[in-house]
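Undergrad: Below: one structure in C-alpha cells.
This is the structure:
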C-alpha cells in the first residue's frame with residue numbers, strides 16, 4: 073500500500089511535467105504566431121505594392137496609352153507608349169493591358185467606320201441636291217448668254233457662270249470623296265481638251281501654262297474624260313493655292329511608254345517628307361478614306377483623286393519635288409484608256425493649245441515653201457545669167473533639179489499625188505515663171521522587163537539653196553568681163569541684184 077506522501081510527490085511531479093509541456097507549447101505557439109504575423113505583414117506589403125503597381129499601370133493606360141492608341145488610328149506615325157514599369161511586359165498584368173489596347177483599337181476602328189459611313193451617306197445626299205441645283209443654274213446662265221448680246225451683260229453672265237462652275241466643282245469633289253459617281257458621262261474627247269476643261273474650273277486659270285507635246289488626235293475614252301478633268305483640276309488647284317500669285321503653274325502633256333502623262337509643276341513652298349508621304353497615300357487610293365482624316369475643315373482634293381485613281385485605274389504621283397522649288401504632280405493615263413480622234417473631222421477646242429509636233433511640222437512646211445518661192449522668184453534671173461554667160465542649158469542640169477515644180481492647182485498629198493505630179497517620160501511642161509519655159513530632164517523609156525530605175529532621193533531645202541548659191545556665184549563670175557565691157561540694156565536692176 074502506497075503512502076500518502078508518495079502519492080503527493082508523484083502528483084506534483086506529474087503536474088510539473090504537464091506544466092513544463094504546456095509552457096513549451098505556449099512558447100512554440102507564440103513563435104509560430106510571430107512568424108505568421110511577420111509573413112502576413114510581408115504578404116500585405118507585397119499585395120499593397122502589387123496593387124499600387126497595378127493602379128499605376130491602369131492610370132498610365134488611361135492617361136497616356138489609350139489616347140495614343142486612339143490617335144494612332146488617324147495618325148499612324150504616332151507611337152503608343154509602353155507600360156509604366158519595366159517589369160510589367162510579359163507578366164499577366166502586362167498581357168491583360170495589351171489585350172485591353174487591342175480591343176480598344178478594334179472597337180474604335182469599327183465605330184469610326186460606322187460613323188463615317190453615316191456621315192458620308194448624309195453628305196452624299198446633300199451634295200446630290202446641290203449639284204442638281206447648280207446644273208440648273210448653269211443651264212439658265214448659258215441660256216441668258218445666248219439670248220442677250222450686250223457686252224457688259226455677257227461679261228457679268230460669264231463671271232457668274234465661272235463662279236457657279238467653281239461651286240459645282242467643290243460639290244462634285246465632296247460627292248466623289250463620299251463614294252458617289254462623277255456625275256457626268258462625256259463622249260470621247262481629246263486629252264488636251266480634258267486638261268483645259270479642268271483648268272477652266274479654277275479661279276486662277278490664267279496662271280496655268282499648258283504645253284501640249286502629244287500627237288494630234290490623242291484622245292481619252294468616254295468614261296475616263298470626266299475623271300481626268302477632275303484630277304487635273306484638283307492638282308492645279310493645289311498648285312495654285314500653294315504658290316505665289318505672280319508665278320506660273322506649268323503643265324506638260326507628253327507620251328510615255330505605256331500611255332500619256334500630265335505633269336504639273338509649281339514654284340511654291342513644297343512639302344515636307346511627312347506631308348509628301350501622307351499626300352502620296354491619299355492619291356494612291358489604296359487605303360479607305362474617312363472624313364475624319366481630312367482635317368477641319370476637310371481638305372478633299374487629294375482624297376477625291378485617290379477615289380478616282382482606284383475606280384478608273386489611273387495613277388498619280390506627288391512624291392517628287394518640282395525643279396521650280398514646289399511640288400511635281402504626275403497623272404499617268406495608261407494605253408487602255410486612250411483612243412484616237414481624227415483632228416481633221418473633230419479638231420480640239422479653239423482655246424486648247426496646239427501640239428508642238430503640229431507646230432513643228434507647220435514651221436517646216438512654211439520654211440520649205442519659202443525656199444521654193446525664193447527659188448521660183450530667182451529662176452528667170454538664173455536662166456538669163458546662163459544665156460548671158462553663153463553656157464548651154466544642157467551643161468547645167470542642176471537648174472532644173474534644184475527647183476521645185478509649181479503645180480497649177482493644189483493637188484492631193486501622198487505617194488499617189490507625187491506620181492500624178494510627175495511628168496511623163498520625154499515630155500516637157502511649159503512653165504509660167506516670168507514668161508520663160510521651164511526645162512526638165514528627159515527620161516528614157518525603160519525596156520520591157522527591165523528593172524525600173526531607182527529614183528534619186530529628194531533634195532533637202534538647205535542643199536537646194538547651197539546649189540543655187542553656187543550657181544549664182546559661178547554665173548556672176550563668168551558674166552563679169554562682159555558686164556564691164558558691154559552692159560545689157562534689157563537686164564533689170566532686180567536681176568542684177570539677184571545675180572550679185
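In this note's numbering, the protein residues as written are 73 to 572.
All residues carry an ideal CB built from backbone N, CA and C; glycine is no exception.
Give the C-beta separation of residue 296 and residue 412 to the nearest angstrom, bearing in mind that I take them to be a contact with Cβ-Cβ under 8 angstroms.
TA: As a working mapping, residue 296 is identified with position 224 in the chain shown. As a working mapping, residue 412 is identified with position 340 in the chain shown. About 14 angstroms; that fails the 8 angstroms criterion.
Undergrad: If you reduce the DSSP assignment to three classes, tell me which class residue 121 lands in.
TA: Taking the first residue of the chain shown as position 1, residue 121 is located at position 49. Helix.
Undergrad: Using 8 angstroms as the cut-off, can you tell me whether the stretch 229-249 makes contact with the stretch 191-203, which would need three or more C-beta pairs spanning the two stretches below that distance?
TA: yes
Undergrad: With a threshold of 7 angstroms on Cβ separation, who are the neighbours of residue 372 within its own chain once the five nearest residues in sequence on each side are excluded?
TA: Along the chain shown, read from residue 1 onward, the residue named residue 372 stands at position 300. These residues qualify, in order along the chain: 245, 246, 249 and 366.
Undergrad: Helix, strand or coil for residue 83 per DSSP?
TA: Here residue 83 is taken as the residue at index 11 of the chain shown, counted from 1. If DSSP states are grouped into helix, strand and coil, residue 83 belongs with the helices.
Undergrad: Strictly by DSSP, which residues pair up with residue 291?
TA: As a working note, residue 291 is residue 219 in the chain shown. DSSP output for residue 291 lists 262 and 411 as bridge partner(s).
Undergrad: Note down the Cα distance separating residue 356 from residue 382, rounded to an integer number of angstroms.
TA: The sequence position of residue 356 within the chain shown is 284, counting from 1. The sequence position of residue 382 within the chain shown is 310, counting from 1. About 7 angstroms.
Undergrad: Indicate whether residue 262 and residue 420 have their beta-carbon atoms separated by less than 8 angstroms.
TA: Within the chain shown, the letter at position 190 stands for residue 262. Within the chain shown, the letter at position 348 stands for residue 420. Result yes, Cβ atoms of residue 262 and residue 420 sit closer than 8 angstroms.
Undergrad: Let's test the definition: count the other Cβ atoms within 10 Å of the Cβ of residue 141 and tell me whether it reaches 16, buried, or not, exposed.
TA: Position 69 of the chain shown holds residue 141. Flag for residue 141 reads buried.
Undergrad: On the three-state DSSP scale, how would you describe residue 422?
TA: Translated into the one-based positions of the chain shown, residue 422 becomes position 350. Coil.
Undergrad: Could you tell me if residue 517 is buried or exposed, where buried requires 16 or more neighbouring beta carbons within 10 angstroms of its beta carbon?
TA: The residue you call residue 517 lines up with position 445 of the chain shown. Note on residue 517: pLDDT 42, under 50, position unreliable in the model; no value is reported.
Undergrad: Could you tell me the alpha carbon to alpha carbon distance between residue 189 and residue 183, rounded to whole angstroms?
TA: As a working mapping, residue 189 is identified with position 117 in the chain shown. As a working mapping, residue 183 is identified with position 111 in the chain shown. Using only the alpha carbons, I get a separation of about 10 angstroms.
Undergrad: Please confirm whether residue 165 and residue 129 have their CB atoms less than 8 angstroms apart.
TA: Reading the chain shown from its first residue, position 93 is the one you call residue 165. Reading the chain shown from its first residue, position 57 is the one you call residue 129. Contact: yes.
Undergrad: Any chance the stretch 232-243 sits against the stretch 197-209, with 3 or more Cβ pairs inside 8 angstroms?
TA: yes
Undergrad: Give a yes or no on contact between the stretch 328-341 and the stretch 400-417, applying the rule of three or more CB pairs nearer than 8 angstroms.
TA: yes
Undergrad: Look up residue 354 in the DSSP assignment and say whether it is helix, strand or coil.
TA: Taking the chain shown and counting its residues from 1, the one referred to as residue 354 is at position 282. Residue 354: helix per DSSP, three-state reduction.
Undergrad: Are the stretch 344-356 and the stretch 210-224 touching, with three or more C-beta to C-beta distances below 8 angstroms?
TA: no
Undergrad: Mark residue 155 as exposed unless 16 or more other C-beta atoms lie within 10 angstroms of its C-beta, in which case mark it buried.
TA: As a first step, residue 155 is located in the chain shown; it is residue number 83 there, counting from the start. With 16 or more other Cβ atoms within 10 Å, it is buried.
Undergrad: I'd like to check one pair, residue 191 with residue 363: are the Cβ atoms closer than 8 angstroms?
TA: Translated into the one-based positions of the chain shown, residue 363 becomes position 291. Translated into the one-based positions of the chain shown, residue 191 becomes position 119. Yes, these two residues count as a Cβ contact at 8 angstroms.
Undergrad: Quick one: residues in its chain with C-beta nearer than 6 angstroms to the C-beta of residue 424, no 5 flanking neighbours on either side, listed in chain order?
TA: For this step, residue 424 is matched to residue 352 along the chain shown. Correct list, in chain order: 264, 265 and 268.
Undergrad: Does the distance from the C-beta atom of residue 300 to that of residue 260 stay below 8 angstroms?
TA: Here residue 300 is taken as the residue at index 228 of the chain shown, counted from 1. Here residue 260 is taken as the residue at index 188 of the chain shown, counted from 1. Not closer than 8 angstroms, so no.
Undergrad: Taking the beta strand (DSSP E) that residue 335 belongs to, which residues open and close that run?
TA: As a first step, residue 335 is located in the chain shown; it is residue number 263 there, counting from the start. First-last of the beta strand (DSSP E) with residue 335: 331-337.
Undergrad: Does the Cβ-Cβ distance between residue 410 and residue 331 come in under 8 angstroms?
TA: Here the question's residue 410 lines up with position 338 in the chain shown. Here the question's residue 331 lines up with position 259 in the chain shown. Yes, Cβ-Cβ distance for residue 410 and residue 331 is below 8 angstroms.
Undergrad: Just list the residues that DSSP pairs residue 402 with in beta bridges.
TA: The residue given as residue 402 occupies position 330 in the chain shown. Answer is 335 and 389, bridged to residue 402.
Undergrad: If you draw a straight line from the alpha carbon of residue 226 to that of residue 392, how long is it in whole angstroms?
TA: To locate residue 226, count along the chain shown from 1; it is residue 154. To locate residue 392, count along the chain shown from 1; it is residue 320. Distance between the alpha carbons of residue 226 and residue 392 is about 43 angstroms.
Undergrad: Drop a sphere of 10 angstroms on the beta-carbon of residue 99, count the other beta-carbons inside from all chains shown, and report buried for 16 or more, exposed for fewer.
TA: In the chain shown, counting from the first residue as 1, residue 99 sits at position 27. Answer is exposed; the Cβ neighbour count stays below 16.
Undergrad: Excluding the five sequence neighbours on either side, which residues of its own chain have a C-beta within less than 7 angstroms of the C-beta of residue 169, listed in chain order?
TA: The residue you call residue 169 lines up with position 97 of the chain shown. Here the set comprises 129, 133 and 155.
Undergrad: From the DSSP output, which residues share a beta bridge with residue 284?
TA: Taking the first residue of the chain shown as 1, we reach residue 284 at position 212. Beta-bridge pairing by DSSP links residue 284 to 325.
Undergrad: Alpha helix (DSSP H) containing residue 190: first to last residue?
TA: Start at 1 with the first residue of the chain shown, and residue 190 comes out as number 118. Per DSSP, residue 190 belongs to the alpha helix (DSSP H) from 164-219.
Undergrad: When the Cα atoms are used, what is the spatial distance from residue 282 to residue 326?
TA: Here the question's residue 282 lines up with position 210 in the chain shown. Here the question's residue 326 lines up with position 254 in the chain shown. The straight-line gap from Cα to Cα measures roughly 11 angstroms.
Undergrad: For residue 302 and residue 148, I'd like the C-alpha separation in whole angstroms.
TA: Here residue 302 is taken as the residue at index 230 of the chain shown, counted from 1. Here residue 148 is taken as the residue at index 76 of the chain shown, counted from 1. Each residue's alpha carbon lies about 29 angstroms from the other.
Undergrad: What is the residue span of the alpha helix (DSSP H) that residue 574 lies within?
TA: Here the chain covers residues 73 to 572 and nothing more, so residue 574 does not appear.
Undergrad: Could you name the residues of the same chain whose beta carbon sits closer than 8 angstroms to that of residue 254, not counting the 5 residues immediately before and after it, in chain order?
TA: For the purposes of this step, residue 254 is taken as residue 182 along the chain shown, with counting starting at 1. Once the five neighbours on either side are set aside, the close Cβ partners of residue 254 are 244, 248, 298, 299, 302 and 380.
Undergrad: Quick one: is residue 184 near chain C, going by C-beta distance under 8 angstroms?
TA: Considering every chain present, this structure includes no chain C. It has just one protein chain.
Undergrad: Residue 114 to residue 95, Cα distance in whole Å?
TA: Numbered from its first residue, the chain shown carries residue 114 at position 42. Numbered from its first residue, the chain shown carries residue 95 at position 23. Whole-angstrom Cα-Cα distance: 29 angstroms.
Undergrad: Does DSSP classify residue 113 as helix, strand or coil?
TA: Start at 1 with the first residue of the chain shown, and residue 113 comes out as number 41. Residue state, collapsed to three classes: helix.
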